[in-house]
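As structure tokens, the structure follows; a few thoughts come after it.
There are 2 protein chains.
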Amino acid sequence: MALNNCLTMSIKTTDKRDEILDAAEILFAEHGFEAVSVREISKAADINIAMISYYFGSKEKLYEEVVNRKLISLNQLQMHLNKLPTYHQQLITCLDILLDKLIERRNFQNIIFREITVNQRTKMSDKIASALHQNFQFIADIIQKGIKNNEFKKVDVNLTVMSVFGILRMYVTSGNMACRIMNLHQSEDIFSTTNKKRLKTHLHEMLTNHLIN
Amino acid sequence: MALNNCLTMSIKTTDKRDEILDAAEILFAEHGFEAVSVREISKAADINIAMISYYFGSKEKLYEEVVNRKLISLNQLQMHLNKLPTYHQQLITCLDILLDKLIERRNFQNIIFREITVNQRTKMSDKIASALHQNFQFIADIIQKGIKNNEFKKVDVNLTVMSVFGILRMYVTSGNMACRIMNLHQSEDIFSTTNKKRLKTHLHEMLTNHLIN
DNA sequence: TTAACAATTAAACAAACGTTTAATTAAATT
DNA sequence: AATTTAATTAAACGTTTGTTTAATTGTTAA
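So the sequences go chain by chain: A and B.
One point on numbering: in our numbering, the residue at position 58 of the first sequence is 58, and numbering is uninterrupted.
Each position in the second sequence, counted from 1, maps to that position plus 213 in our numbering.
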């Protein structure tokens with residue numbers, strides 16, 4: 001196998017592998033795992049169909065790599081957030097960064113959220129649910145601390161975080177639907193700086209009213 | 214064809230047809246359109262595989278019927294809501310009813326929301342987006358009237374409704390994930406009366422703080 | 001330069017797919 | 001009771017699926 005000897009060939013193999021992963025990610029995000037054939041992927045990545053088995057073993061394992069390589073973790077933010085004086089600012093900052101990451105990886109988010117609604121591949125959806133739960137807990141902790149600190153009201157923390165994730169998810173993964181919702185012309189970009197700002201402002205106001213006022 | 218003569222046979226054919234539709238809905242909701250084979254559907258509905266083509270023409274047309282027959286419309290609520298004295302009460306009532314409907318049809322909701330994130334079958338997702346948009350507009354109108362009436366603050370109406378839909382969607386379609394979020398034991402039912410009440414209370418408080426206080 | 005290994009290819013594989021056929025049973029109509 | 005129509009079936013259809021094979025080309029290292 002090519003992969004056992006990564007030291008010598010690492011640069012080149014990684015390139016090809018990543019091209020396949022990138023092409024597969026886009027197709028999986030657009031149409032779903034089952035709807036995409038390995039032949040389509042091989043065409044999109046401009047490689048021979050046998051290369052997929054050669055590099056990844058199977059279509060399913062390719063999919064697993066597509067998912068694994070882009071799971072977002074917020075944990076590395078902790079130190080940066082600790083510098084901020086209030087939990088309110090920590091929360092807002094954290095959510096702003098999360099939104100940017102989600103938009104940047106919106107293709108991937110389609111995959112993620114489709115996977116947790118589908119009772120296929122339970123191992124994979126457990127892993128995804130676990131990763132999401134980490135981020136969930138990260139934000140829940142901030143709110144929890146804010147409540148203990150009397151900075152926030154005593155809200156239902158879990159449902160508050162669920163709401164935030166629900167709002168972000170709706171915005172990031174709804175494509176055509178989100179356009180209609182925000183009353184945009186089809187040409188306009190939902191993820192433009194202006195519209196991102198609009199969502200952030202809305203989220204800030206909503207959360208501030210919910211947690212503080 | 215059997216379908217051309219519905220007057221005489223309506224009762225019986227409808228029965229069989231509905232059994233197929235019910236079985237298909239569950240499978241499509243659990244695994245997605247492409248992941249389900251007509252053979253699986255025929256087994257689940259306990260009918261011969263050829264009956265699917267016989268009744269519906271094709272797997273795709275079966276899917277379209279599965280979707281079409283259960284799209285929710287809020288419009289019939291209007292008269293009932295008009296009796297309520299405040300827009301705030303109209304909003305809360307409307308959302309409570311919507312949540313009940315969504316939970317009752319949660320299998321179907323998985324299909325709906327998967328469809329609008331997938332760039333397959335554009336005709337169908339346009340239709341779904343249109344149906345969702347109607348319900349969206351219905352709630353947006355209530356908030357809009359409340360603002361004109363000085364009952365509500367001047368919030369971003371579209372994003373407020375998007376948030377509500379996002380929250381409900383997250384709750385209804387996240388299965389395993391929602392369990393973790395709400396800190397429930399695996400045995401406990403996310404959609405029990407208690408938990409439904411918990412979500413409604415949270416939603417009421419959040420919206421009231423956002424729109425009024 | 002040559003031997004060894006990695007990368008790439010076209011072709012073939014069996015299995016599963018959605019759909020159709022032709023025959024049969026059941027029901028309704030005359 | 002005879003005839004027409006509907007419902008149901010098992011088997012086969014041609015494609016497409018993911019994967020593997022065996023041969024070939026490229027690259028690396030001795």
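Glycine included, each C-beta is placed from N, C-alpha and C at the ideal position.
What do you reckon, are the CB atoms on residue i and residue j nearer than 7 Å?
i: Q120 (chain A); j: V172 (chain A); result: no
i: N209 (chain A); j: N362 (chain B); result: no
i: D156 (chain A); j: H244 (chain B); result: no
i: Y87 (chain A); j: I142 (chain A); result: yes
i: I103 (chain A); j: I128 (chain A); result: no
i: V67 (chain A); j: L21 (chain A); result: no
i: Y55 (chain A); j: R105 (chain A); result: no
i: A258 (chain B); j: E232 (chain B); result: yes
i: G166 (chain A); j: G379 (chain B); result: yes
Count the other CB atoms, across all protein chains shown, that sit within 10 Å of the CB of residue i; report buried if there are 16 or more and exposed otherwise.
i: A263 (chain B); result: exposed
i: N426 (chain B); result: exposed
i: E328 (chain B); result: buried
i: Q302 (chain B); result: exposed
i: T122 (chain A); result: exposed
i: L216 (chain B); result: Because the pLDDT of L216 (chain B) is 33, which lies under 50, any placement of that residue in the model is unreliable, and the number read from its coordinates should be weighed accordingly. L216 (chain B) should be labelled exposed.
At the level of alpha carbons, what is the spacing between residue i and residue j?
i: I181 (chain A); j: M292 (chain B); result: 25 Å
i: D15 (chain A); j: N176 (chain A); result: 33 Å
i: E64 (chain A); j: E188 (chain A); result: 34 Å
i: M1 (chain A); j: I52 (chain A); result: Legend: pLDDT at M1 (chain A) = 33, less than 50; position of this residue unreliable, no value from coordinates given.
i: K367 (chain B); j: Q134 (chain A); result: 35 Å
i: A344 (chain B); j: S338 (chain B); result: 10 Å
i: L168 (chain A); j: Q186 (chain A); result: 21 Å
i: S405 (chain B); j: K43 (chain A); result: 48 Å
i: N195 (chain A); j: L99 (chain A); result: 12 Å
i: P298 (chain B); j: A178 (chain A); result: 32 Å
i: H417 (chain B); j: L304 (chain B); result: 9 Å
i: K83 (chain A); j: T93 (chain A); result: 11 Å
i: E253 (chain B); j: K145 (chain A); result: 50 Å
i: A23 (chain A); j: F349 (chain B); result: 34 Å
i: V118 (chain A); j: L81 (chain A); result: 35 Å
i: K200 (chain A); j: N288 (chain B); result: 31 Å
Contact defined as beta carbons within less than 8 Å: I believe residue i pairs with residue j. What is the distance between those atoms, to the nearest angstrom?
i: K272 (chain B); j: V251 (chain B); result: 5 Å
i: M170 (chain A); j: M375 (chain B); result: 6 Å
i: L372 (chain B); j: R198 (chain A); result: 7 Å
i: V377 (chain B); j: L308 (chain B); result: 7 Å
Ignore the nearest five residues each way along the sequence and tell me which others in residue i's own chain have a CB closer than 8 Å to its CB.
i: N387 (chain B); result: Note that residue 387 (chain B) is Ser in the sequence shown here, rather than Asn. The answer, listed in chain order, is I394.
i: I360 (chain B); result: K366, K367, V368, V370
i: I260 (chain B); result: K229, E232, I233
Considering only residues of the same chain and omitting the five flanking positions on each side of residue i, which have a CB-CB separation below 7 Å?
i: N219 (chain A); result: Examination of residue 219 (chain A) is not possible in this model, given that chain A is present from 1 through 213 alone.
i: I310 (chain B); result: L290
i: L397 (chain B); result: I403
i: F33 (chain A); result: Y63
i: E364 (chain B); result: T299, Y300, H301
With a threshold of 6 Å (Cβ to nearest heavy atom), would residue i be considered close to the ligand FAD?
i: Y384 (chain B); result: The ligand FAD is absent from the structure shown, which contains no ligands of any kind.
Quick one: residues in its chain with C-beta nearer than 6 Å to the C-beta of residue i, no 5 flanking neighbours on either side, listed in chain order?
i: I285 (chain B); result: K314
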